[in-house]
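Below is one structure, written out as structure tokens; the observations come after it.
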Amino acid sequence: MKFFADKFFRALMVLSMLIVFAFLGSILITILKNGWPAMSWDMVTQLPGGGFYIGKEGGVLNAIVGSLYIVGASTVLGLLASIPIVFFINIYLKKESRLASFVRLSFDVLYGIPSIVYGAFAFTIMIFFGLRTSLLGGIIVITLLIIPIFVRSMDEVARQLPKDLLDATYSLGATRFEAIKVAIRQILPGIATATLLSIGRAIGDAAGVMFTAGFTDSIPTSLDQPAATLPLSIFFQLSSPTPEVRERAYASALLLTLIVLVLSIIGRMITYRFSKNKIK
Amino acid sequence: MAVPLLKKRLAKDRCARSVMLALTVLSLLLLVAMGVGLYLKSEMILDRYSLWTLLTTSDWKPLKGSFGFLPFIASTLAVTALSILIALPISLLTALYLSEYAHSWTKRVVFPVLDILAGIPSVVYGVWGTLIIVPWIADALGPHFVDYTSGYTVLASGIVLGVMILPVLVSLFIEIFTIVPQDYRDAAASLGATKWQVCRKVILRKSLPGIIAAVVLAISKAFGETIAVLMVCGNSASIPHSLFDPCYPLPALIANNYGEMLSLPLYESALMFAAFILFFIILVFNFASRLLLRRVEKRYKL
Amino acid sequence: MDTETQTFAGAFQRFGQWKETDGSEARTAGAPEGENTIDIQGLNVYIQDKQILKDVTLQLFDRKITCIIGPSGCGKTTLLRSINRMIDTTEHVRVEGNVIVDGENIYGPKAEITHIRKKIGLLSQRPTPLPMSIYDNIAFGCRIHGTRNKKKLDAIVEQYLRATGLWDEVKDRLHNPASGLSIGQQQRLCLARGLAVEPQFILADESTSALDPVSSKHIEDLFLQLRERYGIIMVTHTLRQALRIADYVVFMYLGEVIEKGPADVLFNHPQHELTKQYLSGVFS
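Chains as they are written, first to last, in our numbering: chain D, 40 to 319; chain C, 196 to 497; chain S, 3 to 286.
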């Protein structure tokens, strides 16, 4: 009997695994099959032309650049805020400190809050300060959104800092601040990977920027102009009645997927290659 | 010479500490600010209607002044529950297979692939849903059960969300199972347990808190997902009665109407109230699950 | 107790430096000029309300090797970590009593721990090179304590790599990651790194237990050389090691110092029943 159960569940497991990979394979194939034919050089190098949304010439450069602007700035701001937080809870606070566990819980909650809520919240703040939908608005909301992602994934890495390493540093007479300089070398590859994966998540987020960044066919030249983003661009093109435009949406989706894939592959490579100074 | 240097170093240390503490506190205030901000914004509609009316009526005609959130709440719950129902067993079994049965080289290949897939933007899942799932429901599956369905349904939303959280759950589960010490497996196996018995009695039981935490994360993710659901849910403000009815979860409601809401203060307030509901449920859910987790950990002495 | 004290006293006289630490009179009496000591007075350490050290009173000497021996869990490591306040990094810890270094109580309200740790270095059980190059491993400590001149640093790195016998082995790859060294080399690097901040005392926590016999011998020999300039306090699990290198021995059992004294006295004429049993291998 127990051998039957073993076989039965084993078969069930293999089946589940096949289902998982069938689903995920289907997604990649669908995007590739539908996106590739509509992909062209114009797509990535041109702004949308006059008749873009009824199927005329043009590309989604506005959305690509908008996404990169927003995510680039948010990443820098997010790192500036989250790296100190991560080191504060891992170096300055003790392992079982109440404050540390409270901070971790709060960031878990912040991480779980939907991006649409961030969007709505940022929108109310923008109204409060009299800001219009703009590049700045998009940057603000993605920064707020990305900080919990950064903190959580970096904390995961920082928690694995060997206690011996910190002890060795302290026993040379280092202050905690100086110990951070040692710790950062140890977990730098982990931080880099976490950063790239988080960027991947931020660049794909649409709901947050919907309220705050707005949409435009041109590339923003200052912080108070609206900015387009790839996910929103996909969404708008997809709701068009014209088949050509919908096909471009697939191409844009392919583009977005590729960007995220490249980021995450670079992230992995960093983990493998730049661990040379790391102490096992 | 040495003393001023030491003073300078200590001052630097203290200064860094204060800056970091300030940043940490500030970022925690974000949580408070978010709650307060959204609440203040939804005060207008809460003054006009009772909380009970808002949450339990299903009439949604914002321009005529009736705001019943029940259809949206029901849709959100239905879609989230369905997605977890789909994703949980599949991901649990897959993770068990990968961590307990599969060769190590399979793991080495599958793990990065899963991580990469977990990073695919939700809008892409939405695109896939409209291209594959919606037509499949409308043409192949739906006709067996109902007379007519557009395909944009609770079922489609549940499937898209379920698939979206699959890779996340699988990689979280594998991570959790790997933590279980090999000794436990060896001990159980040396008593003559089959692999499945080891999985059920040792691995699953030992990693229960981890599994709960992972599911909490997945539910939060499915619960608040906006754009992918928006693309396949059908956006109809009525309580869904079957899997083949269209639905309208809260995030989709907010996203769809953000353009119009500024024209009508009460409408804006209603949408902010919807955001507040999302915020509040996630908040309570996370704290409750943390308490549950603590209790489970105590019970099993993990 | 009385007879014990007397026998000790005899032994102390022979060595000329060992002093009973209970009476304040005795403490100042026998110390030679310029001799630095670490005075541990009535040290109690509790971790999570469990008392790990019970009223430890002890004096440790410069330019001598003191071995702390005793069965596992007797508080040897805790005692060692209390001497340079590395104990502070342990969770839920409470320390009572005084540890006086250079006339300054390191548990006093004005004590500054980075300064204390610079004076009293710690060599841990397993080698823990910092995640940087061999050169930077040694330069790190000097840099944080204010030496930034490149020439000076070069000289210091060479001096201490030579002192630990590593120079010839690594001089061509100073800027390679320290993690590439063998375990034995890593431990010597850690020792060199600790010496480079110019401590007075070196605490060694079973620092040879993770090493192969050859590397372990290497470290032991280094300790014997370093005794010329530093006070070395080491925790060891191997009685033979203590026998080989110790000038003084402290025997601990369940958080208490049972017996202490010059090595040959303690090993040849242990006074306490527990010490006798431990030395003869009744328990370990």
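Just so it is clear, CB atoms sit at the ideal spot from N, CA and C, and this is done for glycine as well.
Strand pairing of residue i, partner residues [DSSP]
i	result
K56 (chain S)	Its beta-bridge partners do not exist; DSSP assigns none.
D207 (chain S)	S:V237
P265 (chain D)	P265 (chain D) is not bridged to any residue.
N481 (chain C)	Bridge partners of N481 (chain C): none, in fact.
I70 (chain S)	S:V237 and S:V252
W255 (chain C)	C:F262
C442 (chain C)	C:G429
V101 (chain S)	S:I42
F63 (chain S)	S:T39
E135 (chain D)	Partner(s): none; E135 (chain D) has no beta bridge.
N107 (chain S)	S:I102
Residue i at chain D interface by Cβ criterion, 8 Å
i	result
K207 (chain C)	yes
D93 (chain S)	The amino acid occupying residue 93 (chain S) in the given sequence is Glu; Asp does not appear at that position. Yes, its Cβ sits closer than 8 Å to a Cβ of chain D.
T219 (chain C)	yes
T166 (chain S)	no
G353 (chain C)	no
L446 (chain C)	The question names Leu, yet the displayed sequence has Pro at residue 446 (chain C). Yes, its Cβ sits closer than 8 Å to a Cβ of chain D.
N452 (chain C)	no
R380 (chain C)	no
K120 (chain S)	yes
R199 (chain S)	Reading the sequence as shown, one finds Val at residue 199 (chain S) and not Arg. True, the Cβ-Cβ gap to chain D drops below 8 Å.
S317 (chain C)	yes
D310 (chain C)	yes
Y320 (chain C)	yes
G232 (chain C)	yes
Chain C within 8 Å of residue i, Cβ atoms only
i	result
G12 (chain S)	In this predicted model, G12 (chain S) has a pLDDT of only 40, less than 50, meaning its place in the structure is not dependable; the value taken from the coordinates is given anyway. No, its Cβ sits nowhere closer than 8 Å to a Cβ of chain C.
G25 (chain S)	Model confidence at G25 (chain S) stands at a pLDDT of 37, short of 50, so the residue's coordinates are unreliable; what they give is reported in the following sentence. No, its Cβ sits nowhere closer than 8 Å to a Cβ of chain C.
R29 (chain S)	Legend: pLDDT at R29 (chain S) = 34, less than 50; position of this residue unreliable, value from coordinates given subsequently. No, because no Cβ of chain C sits closer than 8 Å to the Cβ of R29 (chain S).
N101 (chain D)	no
Q50 (chain S)	no
H117 (chain S)	yes
G32 (chain S)	With a pLDDT of 39 at G32 (chain S), under the threshold of 50, the predicted position of this residue should be treated as unreliable, and no value is reported.
Start and end residues, alpha helix (DSSP H) containing residue i
i	result
Q392 (chain C)	K390 to V393
G353 (chain C)	V349 to I374
E93 (chain S)	From DSSP, E93 (chain S) is part of no alpha helix (DSSP H); its letter is neither H nor E.
G123 (chain S)	Where G123 (chain S) is concerned, there is no enclosing alpha helix (DSSP H), although the beta strand (DSSP E) it sits in stretches over I122 to L125.
N452 (chain C)	L445 to N452
L107 (chain D)	L100 to F126
R303 (chain C)	S299 to A313
G337 (chain C)	G337 to F340
Q189 (chain S)	I185 to A198
M193 (chain D)	L174 to A197
F285 (chain S)	From DSSP, F285 (chain S) is part of no alpha helix (DSSP H); its letter is neither H nor E.
Span of the beta strand (DSSP E) around residue i
i	result
M78 (chain D)	Here M78 (chain D) belongs to no beta strand (DSSP E), and DSSP marks it neither H nor E.
Y255 (chain S)	Y250 to Y255
Q161 (chain S)	Note, Q161 (chain S): premise wrong, no beta strand (DSSP E); alpha helix (DSSP H) at K152 to A165.
Q43 (chain S)	T39 to I49
G346 (chain C)	It is not in any beta strand (DSSP E) - G346 (chain C) carries neither H nor E in the DSSP assignment.
G263 (chain S)	E258 to P264
Contacts that residue i makes with chain S (C-beta to C-beta distance below 7 Å)
i	result
L200 (chain C)	G148
Beta-carbon neighbours of residue i, restricted to chain C and to distances below 9 Å
i	result
R114 (chain S)	Residue 114 (chain S) is actually Glu in this sequence, not Arg. Within chain C, the residues near E114 (chain S) are L201 and L205.
G151 (chain D)	V411, L412, I414, S415, K416, F418, G419, I477, L478, F480 and N481
Within chain D, the residues that residue i reaches when beta carbons sit closer than 7 Å
i	result
I88 (chain S)	Sequence check: residue 88 (chain S) is Met here, not Ile. By Cβ distance, chain D contributes D206, Y209 and S210.
S222 (chain C)	A120, I124 and I186
S126 (chain S)	D203, D206 and A207
Proximal chain D residues relative to residue i, where beta-carbon distance stays under 9 Å
i	result
F142 (chain S)	T208, L211, A213, E217, K220 and V221
C192 (chain S)	A207
T79 (chain S)	Under the 9 Å cutoff, chain D gives no residues; its nearest Cβ is about 12 Å from T79 (chain S).
Partner residues on chain C for residue i, Cβ-Cβ distance less than 8 Å
i	result
H239 (chain S)	Those do not exist, as H239 (chain S) stays about 25 Å from chain C at its closest Cβ, beyond 8 Å.
A266 (chain D)	Those do not exist, as A266 (chain D) stays about 16 Å from chain C at its closest Cβ, beyond 8 Å.
Residue i at chain S interface by Cβ criterion, 8 Å
i	result
E286 (chain D)	no
T310 (chain D)	no
Partners in chain D for residue i, counting only beta-carbon separations shorter than 8 Å
i	result
F188 (chain C)	Past the edges of chain C, shown from 196 to 497, lies residue 188 (chain C), and the structure says nothing about it.
G196 (chain S)	S210 and L211
Contact set between residue i and chain S, taken where Cβ atoms lie within less than 8 Å
i	result
E135 (chain D)	E93 and H94
Counting beta carbon pairs with one atom in the stretch 100-119 of chain S and one in the stretch 173-190 of chain S, are three or more of them shorter than 8 Å? No: the two stretches stay apart, fewer than three of their Cβ pairs being nearer than 8 Å.
Between the stretch 148-160 of chain D and the stretch 226-238 of chain C, can you find at least three pairs of beta-carbon atoms closer than 8 Å? Judged by Cβ distances under 8 Å, the stretch 226-238 of chain C makes contact with the stretch 148-160 of chain D, as three or more pairs qualify.
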